[in-house]
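**Student:** Using the UniProt record's numbering, the letters of the sequence shown map in sequence onto residues 1 to 158.
Every residue, glycine too, gets a C-beta built ideally from N, C-alpha and C.
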Amino acid sequence: MADNVPTSPKLEDLPKIDRDIAEALCTGVELKKVETQEKQVLPSPTDVKQEKTHNELCTGIASFTPEKLKHTETEEKQVLPSPQDIKQEKQHQELTTNIEGFNATQLKSVNTEEKVVLPSKEDIIREKAPAEAANFDKSALKHVEPQVKHSCEVIEAQ
């Protein structure tokens, strides 16, 4: 336990303070005397009015008695559908009964044919051309000397 006792640092190990700062700390700096002023912000008239109405509302809710309410009789009115609504509902009911009563045995059986459209020979050749050009074996070619032939005749105008 005696080994864990902290030791104070040596004077040489302590951080150094600038001389000007040290002198200012020791002598003290004289500041100008100033009187402090306290300012209180008063609420605006609208804020006062809002707070007053809020307080009145809260006290009114707190002191509310349900005995002050008047008794009223409620009337329940039934709204009849319009002739257009009746017509739409009737059409919908007829449609659903026709669908439910439909006889599926009256339908003819049909075999569906799936037609596969294959590309033409020209399309296949056109698609193969770039691949064949890239894989073309140039070693099978023979060297040929080109011959230039001029067979242009000059016709003189008369």
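(1) Excluding the five sequence neighbours on either side, which residues of its own chain have a C-beta within less than 8 Å of the C-beta of E51, listed in chain order?
(2) Apart from the five residues just before and just after K138, which ones in its own chain have a Cβ nearer than 8 Å to its Cβ?
(3) Suppose you measure from the CA of V41 to the CA of D47; what does that come to, to the nearest Å?
(4) Going by beta carbon distance, what residues of the same chain come within less than 7 Å of V116, once the five residues before and after it are set aside?
(5) Which two residues bound the contiguous alpha helix (DSSP H) that contains K121?
(6) State the start and end residues of the unbroken alpha helix (DSSP H) segment that holds V48.
(7) Give the secondary structure of E156 by DSSP, where H, G and I count as helix, E and B as strand, and everything else as coil.
(8) Specify the secondary structure class of L95 as computed by DSSP and reduced to three states.
(9) Can you check whether the C-beta of P81 is within less than 8 Å of a C-beta belonging to chain C?
(10) What's the gap between the Cα of Q91 and the Cα of S109?
**Tutor:** Straight from the coordinates:
(1) P43
(2) none
(3) 12 Å
(4) none
(5) K121 to A134
(6) P45 to A62
(7) coil
(8) helix
(9) Protein chain content of the structure displayed is limited to a single chain, and chain C is not contained in it.
(10) 30 Å
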